[in-house]
Each structure stands twice: as structure tokens, then as C-alpha cells.
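Written out below as C-alpha cells is the structure these notes cover.
Number of protein chains: 2
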Amino acid sequence: MAAQRHYDELARQLSAFGAVKRDMARILPPDCPGGSAAVLTLLKRYGDMRMSKLAELLAVDMSVASRHVAHTADRGWIERRPDPADKRSRILTLTAEGHERMEDLNVRTTELLADRLSDWSDDEVNQLIALMTRLRDSFGDCRTTTSRGQFPAAAQAPAPTQTTRTPA
Amino acid sequence: MAAQRHYDELARQLSAFGAVKRDMARILPPDCPGGSAAVLTLLKRYGDMRMSKLAELLAVDMSVASRHVAHTADRGWIERRPDPADKRSRILTLTAEGHERMEDLNVRTTELLADRLSDWSDDEVNQLIALMTRLRDSFGDCRTTTSRGQFPAAAQAPAPTQTTRTPA
DNA sequence: TATTGTTATACTCTATAACTATA
DNA sequence: TATAGTTATAGAGTATAACAATA
């Protein structure tokens, strides 16, 4: 239980943190807004999944996820195949075009962060990641869209279909 | 210079961090959206200031700040007095009603954070605050709305007109 | 001519609710 | 009846550009 003063300061940081996100968003290509980029990133990282799972990872309502997915599907970056096990569901898959788009996004993101974090150490970045992850958990424990905690160690063990080795 | 993998993870955290902010926004009273709350918080904390300074602290374009300020002024929470030294400028001042509103906001924020951060130590909260502050600085160094760095130690020495003692 | 602030416009993101199809 | 997903609608936040008043 931290002191009142710390709460104020944390609230202030959260409030002004949007500027960082907006700076990140500025480097995105014109036809790929942040929502689409997030969809592609998660599919690249965790592999095929259903709408509901994607919505959970995005931490938004499924209606919002549906919107972003529609945008990316319209551009041919992902495919929505029917789930043979449950005809209500759709399985999302990154297409070849989607992978290309991701390469581009990765380059842009890396360039930006390499510039902005040029004087950060690995350790500091790791600390920040760990604390942000923990904060998200602390907030997410209460009101989650669905169940939460089904994906294996989301923050600890990322990077599935990175280069070679198709683990699934 | 951190590794590529860390960049990806940090970008992921930033992307999903919006959920935390939305959780914070949910506790706001109906007639006081996040933008208005931010205006009141900054005026309470740093005292009277001009539009341009407020926009800088909010880390948004002045047109956006003008909008939020208009909303709070319409409700009588702040006053916009002409600056005698520069008739183009307006000095923003928290009214008595604005102070009342801030009391309410403080209670709500504190309650929420006390709940969410119940198992956080002071030290952890401080670490997170410090790293978020540093990240904002790293990003803000490049493209700032105006000059930056005019306010004395924004993150280090907050809390001006807290309870008693009117330092100005 | 440059700067402070306001307003008009457009875009992104979000949630709620109503709806379809399937379980 | 309950769940997966889509769509319509509305609200908040933001930036750009055009504008007014003043420096």
C-alpha cells in the first residue's frame, strides 16, 4: 500500500503517457492505424487464434477487435477461416501480405525505439517492461472481458514464429 | 541500446497499456471526462498558468488544451482571466467549484489505486513512476509542442497548494 | 511578421446495444 | 438459453488548418 502522494504522481504519469503512444503511432504507414498494427503484431507473436482470444490480448471489447480485424482482412493481411470445431468461431491467420506488413512495422518500431531509447540499458528496459506488465495485471485482475490467463505466460515467453522454427 | 526483442516487448506493453488508462477513466463523474480532469489536476498542482503552458504539461496540441479548458470553464471549475502583461494570453485559475471537484476526483483516484495497488510496495510504485517519467523524457526530447523544461522539476517536486501553506 | 488562443473539420479508438448464427 | 461474432451508433481524444487579436 503506497502513500497518497505516490498515487497522485502515478495518476499524473498515466495521464500524460498518451504522448508516448501517440509518438509511436506517428510512424505507422497511412493505411495501417494502430489498431490494425496491434492485430498483426499479436497474430505474428502468438499465432492463429479466435476473435475472442484476440480481443482479450488487445484488452478491448470484442466489437472493437472485430472492427480492427475487418480493416486488416479488407487489406488482405489476415484471413478469417471458419473454425471446424465451432461454426460460430473464426480462426484468424496472418497471410503472406500480412507478414510483409509486419516486417515493415518491425523496422519502423525498432528504428524509433532505438532512437528514443539510445541511452537506456537493457536492464532499465526490462525493469520498465516488468513493472508495466505487473501494473496491467493488477488492473486486469478485476474486470476482464472474458476469462484471462489462458495463454501461456504472455509476458514472459513471447516470440513464437519469429524466424525459423515453426513450433506449432 | 537494448536488444530488438526488448523493443518488441515494450511496444507490446505500450499498446496494451490503454486498458489501464480506460480503467482509470471509468471512475470519473459523468460530466467530467478525462481531459477536464487532467486540466483541473495540473492547475491544482502547479497553480495558475497560461494556455500554452498547460498544453505543454498535457502533452497535447494547444487546440486540444483549448477544448478541454473550454469544457471546464463552461462548468465554472476554472476562470480565464486576461493576462495584463500580454493581452493575447489568458491566465487559467482554479475556482472554488474547481477545488471541490478536485477533492472528489482525488477521492475517486485514491480509492481506485488503493484497490488496484494493494499489493504494491512504495518502492515498486516509485520505480514505476521513475521509469515512466524517464520514458516520457526520452520521447519528449525530440518533438515538443513548445520549448519544454521551463517548469521547475515537474516530476520530482510536485504538490504545491496541497493542504495548508499557500507558498505563492 | 510572429505568436497566443479559438474554432471547424476529420480521423482513430472505444463501449453499448441490437442482431445473426450456432451451441 | 447462452455464446461467438458483426454492425450501428454515440462519445472521447487528438491533430491540422484557418482564423482573430495582439506583440
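Protein sequence lines, in the order shown, are assigned to chains A and B. Letter by letter, the first sequence follows residues 1 to 168 of our numbering. Letter by letter, the second sequence follows residues 1001 to 1168 of our numbering. Think of the CB as a built atom: it goes at the ideal place given N, C-alpha and C, for glycine as much as any other residue.
Just curious, the beta strand (DSSP E) that residue 108 of chain A is in, first and last residue?
That residue, residue 108 of chain A, is in no beta strand (DSSP E); its alpha helix (DSSP H) goes 96 to 116.
In terms of residue numbering, what span does the beta strand (DSSP E) encompassing residue 1081 of chain B cover?
Where residue 1081 of chain B is concerned, the enclosing beta strand (DSSP E) stretches over 1078 to 1083.
Is there a Cβ of chain B sitting closer than 8 Å to that of residue 70 of chain A, yes or no?
no
List, from N- to C-terminal side, the alpha helix (DSSP H) runs of 4 residues or more that fit wholly inside the region 1009 to 1089 of chain B.
1018 to 1025, 1034 to 1046, 1051 to 1058 and 1062 to 1074
Between which residues of its own chain and residue 1101 of chain B is the CB-CB distance below 7 Å, once the five residues before and five after are set aside?
1032, 1040 and 1077
Let me confirm a value: residue 1087 of chain B is counted as buried when at least 16 other C-beta atoms fall within 10 Å, else exposed. Which label applies?
Per the 10 Å Cβ criterion, exposed.
Do the region 1045 to 1053 of chain B and the region 1079 to 1098 of chain B meet, that is, are 3 or more Cβ pairs less than 8 Å apart?
yes
As a quick exercise: from B/1045, B/1126 and B/1111, pick the residue whose alpha carbon is nearest that of residue 1023 of chain B.
Minimum Cα distance to residue 1023 of chain B is reached at B/1111.
Between the beta-carbon of residue 19 of chain A and the beta-carbon of residue 1108 of chain B, is there less than 8 Å?
no
Would you please verify whether the beta carbon of residue 1108 of chain B is less than 8 Å from any beta carbon of chain A?
no
Under 6 Å Cβ to Cβ from residue 105 of chain A, same chain only, skipping five residues before and after it: list those, please.
37
Residues bridged to residue 1092 of chain B by DSSP?
B/1049 and B/1080
What residues from the region 74 to 96 of chain A come within 9 Å of chain B, judged by C-beta to C-beta, listed N to C?
Contact residues of the region 74 to 96 of chain A toward chain B are absent (C-beta to C-beta distance below 9 Å).
Specify, as a first and last residue, the run of the alpha helix (DSSP H) that residue 1130 of chain B falls within.
1122 to 1140
Closer than 9 Å between beta carbons: that is the criterion. Which residues of the region 1127 to 1138 of chain B meet it against chain A?
1127, 1128, 1129, 1131, 1132, 1133, 1134, 1135, 1136 and 1138
Are the CB atoms of residue 13 of chain A and residue 1062 of chain B nearer to each other than 8 Å?
In this structure, residue 1062 of chain B does not lie closer than 8 Å to residue 13 of chain A by Cβ.
Does the distance from the CB of residue 71 of chain A to the CB of residue 98 of chain A come in under 8 Å?
Against a cut-off of 8 Å, the Cβ pair of residue 98 of chain A and residue 71 of chain A comes out as no contact.
Is residue 1116 of chain B close to chain A? Criterion is C-beta to C-beta, closer than 8 Å.
yes
Hey, out of B/1074, B/1010 and B/1118, whose CA is closest to residue 138 of chain A's CA?
B/1118
Which chain A residues are close to residue 1067 of chain B, counting only those with a beta carbon under 9 Å from its beta carbon?
None at all; the shortest Cβ gap to chain A is about 15 Å.
Can you find a CB in chain A that lies within less than 8 Å of the CB of residue 1157 of chain B?
Low per-residue confidence applies at residue 1157 of chain B: pLDDT is 37, beneath 50, and the placement is therefore not dependable enough to give any value.
Would a check of beta-carbon distances place residue 1012 of chain B closer than 8 Å to chain A?
yes
Quick check: what's the CA-CA separation for residue 74 of chain A versus residue 29 of chain A?
16 Å
Can you tell me whether residue 26 of chain A is buried or exposed? The criterion is at least 16 other CB atoms within 10 Å of its CB, across all chains shown.
exposed
Among residues of its own chain, excluding the 5 on either side of residue 43 of chain A, which ones have a beta-carbon nearer than 8 Å to its beta-carbon?
49, 54, 78, 92, 93, 94 and 98
Look at the alpha carbon of residue 1006 of chain B and the alpha carbon of residue 1134 of chain B, and state the distance between them as a whole number of angstroms.
17 Å
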